[in-house]
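What follows is a set of notes on a single structure, which appears directly below.
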Amino acid sequence: MPPVTDAPAARPVKVLVYSDDVNTRQQVILALGRRPHPDLPEFEYVEVATEPVVLQNMDSGTISLAILDGEAVPAGGMGIAKQLKDEIYECPPVVVLTGRPQDAWLATWSRAEAAVPHPIDPIQLAEAVIGLMRPSVPATS
């Protein structure tokens with residue numbers, strides 16, 4: 222018999238990870254893991270390598286967080302972030318991966334809620350994501 226719990230199982234949070242580089246996508250997923258914080262539900266990742274697929278997924282309304290590689294080519298994550306914020310009503314939070322810490326000002330232009338520089342620091346990325354996701358997850362008692 223399975224254990225009885227008071228709280229219903231939370232649905233996974235869908236996180237879009239965009240980069241033309243499969244290694245960058247894997248670094249993000251490994252850095253965050255299935256559940257970056259006990260207060261958050263599990264993450265389900267949607268790996269994307271092209272801008273049209275990013276837009277398609279974001280338009281679906283099922284994505285809770287987008288992590289976009291600012292160094293991706295031909296479409297960089299900062300330009301995509303700006304487009305998403307301009308075109309999607311109540312756009313989910315966006316984290317932009319910048320080429321270096323000094324590029325954080327560009328992420329401000331893109332209207333991304335957070336910026337994390339390459340090389341990816343798992344602690345810094347997790348802190349940024351947790352900070353963005355905790356307010357949007359319903360409190361449980």
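Residue numbering for the sequence shown follows the working numbering, starting at 222 and increasing by one per position.
Heads up, the beta-carbon is just placed ideally off N, CA and C, and yes, glycines get one too.
Computed from a predicted structure; not experimentally measured.
Beta-carbon gap between L276 and L318 smaller than 9 Å: no
Cβ contact check for the region 265-274 and the region 336-345: 3 or more pairs under 8 Å: no
Coarse secondary structure for L327, derived from DSSP in three states: Helix.
Beta-carbon separation (whole angstroms), P262 vs R232, contact threshold 8 Å: 6 Å
Nonlocal neighbours in the same chain, by C-beta distance under 6 Å from A270, ignoring five residues either side: D241
CB-CB length for A333 against A293, believed under 8 Å: Distance from A333 to A293 at the Cβ level is roughly 14 Å; contact not present, criterion being Cβ atoms closer than 8 Å.
Run of the beta strand (DSSP E) containing L289, from where it starts to where it stops: 286-290
Nearest-angstrom Cα separation, counted from R246 out to D238: The question names Asp, yet the displayed sequence has Val at residue 238. Per the coordinates, the alpha-carbon of V238 lies some 6 Å from the alpha-carbon of R246.
Contact belief for V350 with S285 at Cβ below 8 Å, rounded distance in angstroms: Between S285 and V350 the Cβ distance is about 11 Å, and since that is not below 8 Å, they are no contact.
Beta-carbon spacing of L346, L253 below 9 Å: yes
Which listed residue (E265, P343, G282) has its alpha carbon closest to that of L305: G282
Residue span of the alpha helix (DSSP H) that contains A293, given as start and end: Looking at the DSSP string, A293 is not in any alpha helix (DSSP H), and its letter there is neither H nor E.
Sequence-distant residues of its chain with Cβ nearer than 7 Å to G298 (five each side left out): Listed in chain order, the non-local C-beta contacts of G298 below 7 Å within the same chain comprise Y239, L289, D290, G291, V317, L318, local neighbours out to five positions each way being set aside.
Euclidean distance between Cα positions of D324 and P259: 31 Å
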